[in-house]
Amino acid sequence: MQTPAMPANESSRIAALHALNILDTAPEERYDRLTRLAKRVFNVPYSTISMIDDQRQWFKSIQGLSLCQTSRDISFCAHAILFDEILYVENALKDDRFHDNPVVVGDPKIRFYAGCSLNVNGFKMGTFCVFDKKPRAFSAEDRQLLKDLACLAERELASPEPAIAS
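The C-terminal residue of the sequence shown carries number 166 in the UniProt record's numbering, and the numbering is unbroken.
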């Protein structure tokens with residue numbers, strides 16, 4: 001398993017993330033609505049909006065699992081924030097970065113993953129992602145839809161008040 005590298009601007013990124021005052025806040029319908037939609041649109045069992053903190057991945061919204069955080073070291077999303085484009089893994093068992101990751105060999109047995117960075121105030125704060133227990137392809141159209149949903153999540157993160165009525 002490859003642990004994710006740290007972004008070059010990590011200390012500034014973490015400071016900006018903490019300035020959002022979103023970590024450890026209660027679930028909000030404006031985010032849950034987006035992850036429910038992603039779960040349905042992509043026909044996957046799991047969808048999250050996650051924030052990558054210094055030692056953990058914290059979920060602002062999660063569908064399909066009852067977790068609030070995981071270690072950053074095992075996070076696919078911590079890899080995704082290193083890329084400008086969507087990170088997608090068709091079969092994690094066949095990917096050297098993830099094949100022996102605890103969330104691949106153990107529950108929830110991730111095989112497919114697609115994550116789009118969430119950029120707020122010039123920093124990649126986290127990701128909007130979908131994942132599945134089954135390997136699968138992810139088309140250019142799918143990637144665009146995920147980018148569109150991530151853009152909506154970014155608008156919510158940048159807005160102190162809900163932009164979409166609950």
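Glycine included, every Cβ here is placed at the ideal spot set by N, Cα and C.
Sequence-distant residues of its chain with Cβ nearer than 6 angstroms to residue i (five each side left out)
i: residue 75; result: 57
i: residue 47; result: 35, 38, 39, 63 and 130
i: residue 2; result: 97
i: residue 102; result: 74
Close-in-space but distant-in-sequence residues of the same chain around residue i (CB under 8 angstroms, 5 per side omitted)
i: residue 158; result: 120 and 121
i: residue 22; result: 51, 60 and 157
i: residue 83; result: 117
i: residue 168; result: Examination of residue 168 is not possible in this model, given that the chain is present from 1 through 166 alone.
i: residue 163; result: Because the pLDDT of residue 163 is 46, which lies under 50, any placement of that residue in the model is unreliable, and the question is left without a value.
i: residue 32; result: 61 and 63
i: residue 71; result: 55, 56 and 57
i: residue 147; result: 86 and 116
Own chain partners of residue i with C-beta closer than 7 angstroms, once the 5 adjacent residues on each side are dropped
i: residue 69; result: 56, 57, 58 and 59
i: residue 165; result: Note that residue 165 scores 44 on pLDDT, short of 50, meaning its location in the model is unreliable and no value can be drawn from it.
i: residue 77; result: 50, 52, 57, 115, 126, 127 and 129
For residue j and residue i, believed in contact at Cβ under 8 angstroms, the rounded distance
i: residue 80; j: residue 127; result: 5 angstroms
i: residue 124; j: residue 7; result: 7 angstroms
i: residue 41; j: residue 152; result: Not a contact, Cβ separation roughly 12 angstroms.
8 angstroms Cβ cutoff met for residue i and residue j
i: residue 45; j: residue 132; result: yes
i: residue 137; j: residue 85; result: no
i: residue 73; j: residue 17; result: no
i: residue 94; j: residue 112; result: no
i: residue 87; j: residue 115; result: yes
Could you tell me whether the segment 10 to 25 touches the segment 103 to 119, using the rule of 3 or more Cβ pairs below 8 angstroms? no
Secondary structure, beta strand (DSSP E): runs of 3+ residues fully inside the segment 58 to 118: Unbroken beta strand (DSSP E) stretches of 3 residues or longer found wholly inside the segment 58 to 118: 69 to 71 and 87 to 89, given in chain order.
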